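Novice:
In our numbering, the protein residues as written are 6 to 113.
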């Protein structure tokens, strides 16, 4: 995973990435700038891996901007010529523990 995260960061540093239409819409709606994406990617870690995703292998990253805004970034594996940003959002603390682990639903 360490090698993969470095490959992902390198793609972003070299502007070898693109946004899905969904990611474009969500970044506008959530007011997440490309600069914030870059900042978060630089310090990101892979928190979930989806090697068998039906749309292609992908992973979920957690990163923080320079002002400490937590972002989840769902992206393709770096094996593509252009890294695809599938979606990005601020994780809801009610759904995530330390923004890294999904909370399990309360079962009554």
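By construction, the Cβ of each residue, glycine as well, lies at the ideal position given by its N, Cα and C atoms.
A quick note: this is a predicted structure, and the numbers were derived from the prediction, not measured.
Do the segment 98-106 and the segment 28-41 meet, that is, are 3 or more Cβ pairs less than 8 Å apart?
Specialist: No, the segment 98-106 does not touch the segment 28-41.
Novice: So residue 92 is in the beta strand (DSSP E); what residue range does that whole segment cover?
Specialist: Taking the chain shown and counting its residues from 1, the one referred to as residue 92 is at position 87. Where residue 92 is concerned, the enclosing beta strand (DSSP E) stretches over 88-94.
Novice: Within its chain, find whatever has a CB closer than 7 Å to the CB of residue 85; leave out the 5 residues flanking it on each side and keep chain order.
Specialist: Translated into the one-based positions of the chain shown, residue 85 becomes position 80. Excluding sequence neighbours, residue 85 sits near nothing in its chain.
Novice: On the criterion of 16 or more Cβ atoms from any shown chain inside 10 Å, does residue 6 qualify as buried, or is it exposed?
Specialist: For the purposes of this step, residue 6 is taken as the residue at position 1 of the chain shown. Exposed.
Novice: Could you tell me how far apart the beta carbons of residue 95 and residue 108 are, in whole angstroms, since I believe they sit closer than 8 Å?
Specialist: Numbered from its first residue, the chain shown carries residue 95 at position 90. Numbered from its first residue, the chain shown carries residue 108 at position 103. About 16 Å separates the two Cβ atoms, so there is no contact after all.
Novice: Is the beta carbon of residue 79 closer than 9 Å to that of residue 88?
Specialist: Start at 1 with the first residue of the chain shown, and residue 88 comes out as number 83. Start at 1 with the first residue of the chain shown, and residue 79 comes out as number 74. Contact flag unset, no.
Novice: Tell me where the alpha helix (DSSP H) around residue 1 begins and ends.
Specialist: Nothing can be reported for residue 1, as the shown portion of the chain is limited to 6 through 113.
Novice: From residue 22 to residue 64, what does the alpha carbon distance come to, in whole angstroms?
Specialist: As a first step, residue 22 must be located in the chain shown, where it is residue number 17. As a first step, residue 64 must be located in the chain shown, where it is residue number 59. So the two alpha carbons sit approximately 15 Å from each other.
Novice: Quick one, are the C-beta atoms of residue 50 and residue 10 less than 9 Å apart?
Specialist: Here residue 50 refers to the residue found at position 45 when the chain shown is read from its first residue. Here residue 10 refers to the residue found at position 5 when the chain shown is read from its first residue. In this structure, residue 10 lies closer than 9 Å to residue 50 by Cβ.
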